[in-house]
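Trainee: Here it is: the structure, laid out below.
In this note's numbering, the protein residues as written are 1124 to 1739.
Structural data, given as structure tokens:
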């Protein structure tokens, strides 16, 4: 059964709500969906009630602080500069993704506007980026462009919910080798996809998978169009030369203009945007809500989450870079909400997924942009180009766009950091290369999942290795190197007392080894002191290992004293009810623990009660 739930009036209402009350818009959306989605409504309402902070985009913050004519002039100039840079990039990203160039411009206009208007960064510039190319291409190939629109809208909803659930900080827990690995992998895929246009190969069908794609390229080199190759090399050289002369030169635009003029003047037999896409629309299309079914939604959930993840990652990375350049701190969760609204709006207007673009954001800052007004004007200028320049843009050779995408890929690859990470440690190198190879050879979603999982496992192994349990033989041992002043007199630990100091978190990666340490003792003591001042964290597995130790000690008539238990482990032990089965006590610090042990050893009743039958 298909749903066509929104007429034009309802879409306008939804867009108005999204401007100022995105979360309310989500409820509005859910109200029109089948009753099977009632749980989704409850979840959204819960997040709204739990996170009732006012929705304040950076745009309104800047306006509240005061906005002068000088700032306005600087923002307009910066907006025009970024628009000139974004024009060829938006088209190139769309073509690389398997869509028409106008889809890239529509995305840059619509999503770029909402990212600036509703985002949490003052200078973020949004639009289509290379991070989405692989995902978009696969979604279009499997589900058509309507499936891509639905994926973009679903991703937008995910981002809004994530923002209101305050999940922005979770992005920072993605390991840097994983980010670098899949980013470099995406760069390789983008560059590989442009070889056909760069060489002007007259090949009808090019396989999507990496190895077969290159097999087709290598076996069809004789079908190279040398005019296209010449233009591609010239376009690439122009970009490189412009960048070396001055970073202020819009190198991509200069390259495209030069190649287009040469191809037109000399009537060169090369494929152009107009010949590949003969019916390019002019202007901004009317908003349309896609028809969808429940089966489609289920099929597109993985793609939607991947788009949302990539949008969140790149947007927040771009915002962090921008923070360092302008000295202002962005709002993580606000940025996610703005990105979510932008992707929903982009989908409704027939665009492709979008996020914050690091290069365009940096260009905006260097051009003098300091408020979201610059990003808004960037969208306005692109809108003007969309209405006035589509006929001219049709003359752009595909080889020129391929040259632009080659340079974009080179910038994305970040080989310097790739090599640097590979040199740091074997584990980081393994994560980096694994993520890279899976991105190129298999799938981006698989690469991210495996990379994060593998990185987590390696981290847990390293953490487990860093945790140690040391036996302490006298009073001042370890004190000086642990940061305390050594005692005046070096008091020996009593013979019937064993002190074990836990250094590091006691979690499931080390819990079994902790028990093994106790079991390895030749003889159980009358009193066991567990020093826990350097144990900041305790999880369920660690708590279970402590229960096992208490059980072992109870069997051997050993009295247990916990020393200097920190707040989090103390709370866990209390919740677990350790005290109910504990033959022992909890001391404030090691001084009190030693004093308590000496007092007990002087008690005859205690000595008779705590004789291990196994040691007789």
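Cβ coordinates follow ideal geometry from the N, Cα and C atoms, glycine included.
(1) Consult DSSP for residue 1294 and reduce its assignment to one of helix, strand or coil.
(2) Just tell me which of 1312, 1560, 1486, 1211 has its CA closest to the CA of residue 1371.
(3) Pull the bridge partners of residue 1066 from the DSSP assignment, please.
(4) Around the Cβ of residue 1447, are there at least 16 other Cβ atoms within 10 angstroms (buried) or fewer (exposed)?
(5) If you check the beta carbons only, do residue 1662 and residue 1403 fall under 8 Å apart?
(6) What are the start and end residues of the beta strand (DSSP E) that includes residue 1685?
(7) If we call anything under 8 Å between Cβ atoms a contact, is residue 1457 one with residue 1243?
(8) For residue 1503, which option in 1180, 1205, 1186, 1182 has the closest C-alpha, if you only look at C-alpha atoms?
(9) If you reduce the DSSP assignment to three classes, tell me which class residue 1249 lands in.
(10) For the segment 1537-1586, list the alpha helix (DSSP H) runs that are entirely contained and at least 4 residues long, ordered along the chain.
(11) With distances taken between CB atoms, is the gap from residue 1709 to residue 1666 smaller than 8 Å?
(12) Rounded to whole angstroms, what's the CA-CA distance from residue 1174 to residue 1455? Just pull it up for me.
(13) Excluding the 5 residues flanking residue 1467 on each side, which residues of the same chain have their C-beta closer than 6 Å to its C-beta?
(14) Note down, in chain order, each residue of its chain lying with its Cβ closer than 6 Å to the Cβ of residue 1373, except the 5 sequence neighbours on either side.
(15) Between residue 1294 and residue 1430, is the Cβ-Cβ spacing less than 8 Å?
(16) Taking 8 Å as the threshold (C-beta atoms), are residue 1480 and residue 1306 in contact?
(17) With a Cβ-Cβ cutoff of 8 Å, do residue 1320 and residue 1517 count as a contact?
(18) Flag this pair as touching only if the segment 1331-1338 and the segment 1299-1319 have three or more C-beta atom pairs under 8 Å; answer yes or no.
(19) Per DSSP, residue 1620 is paired with what?
(20) Since I believe residue 1682 is in contact with residue 1733 (beta carbons under 8 Å), could you give me their beta-carbon distance rounded to a whole number of angstroms?
(21) Taking the straight line between their C-alpha atoms, what separation do you get for residue 1591 and residue 1439?
(22) Going by the DSSP bridge assignment, what does residue 1404 pair with across the sheet?
(23) Pull up the DSSP beta-bridge partners for residue 1708, would you.
(24) If contacts are defined as beta-carbon pairs under 8 Å, then residue 1544 and residue 1347 qualify, I think. What distance do you get, rounded to the angstrom?
(25) Once you ignore the five residues that flank residue 1120 on each side, which residues in its own chain have a CB closer than 7 Å to its CB?
(26) Roughly how many whole angstroms lie between the Cα atoms of residue 1474 and residue 1368?
Mentor: Put simply:
(1) Here residue 1294 carries a helix assignment [DSSP, helix/strand/coil].
(2) 1486
(3) The first residue shown for the chain is 1124 and the last is 1739, placing residue 1066 beyond what the model contains.
(4) exposed
(5) no
(6) 1682-1686
(7) If you check the CB distance, residue 1457 and residue 1243 come in under 8 Å.
(8) 1205
(9) strand
(10) When DSSP assignments are scanned along the segment 1537-1586, the uninterrupted stretches of alpha helix (DSSP H) that are 4 or more residues long and fall wholly within it turn out to be 1538-1547, 1549-1564.
(11) In this structure, residue 1666 does not lie closer than 8 Å to residue 1709 by Cβ.
(12) Unreliable placement is indicated for residue 1174, whose pLDDT of 48 sits below 50; the coordinate value is still reported in the next sentence. Each residue's Cα considered, the two are about 14 Å apart.
(13) 1276, 1279
(14) 1207, 1208
(15) no
(16) no
(17) no
(18) yes
(19) 1650
(20) That pair is a contact at about 6 Å.
(21) 37 Å
(22) None; residue 1404 has no bridge partner.
(23) Residue 1708 has 1684 as its beta-bridge partners, per DSSP.
(24) Not quite, the Cβ-Cβ distance comes to about 36 Å (not below 8 Å), so this is no contact.
(25) For the chain, the structure presents residues 1124 to 1739; residue 1120 sits outside this window and is missing.
(26) Taking the straight line joining both Cα atoms gives about 35 Å.
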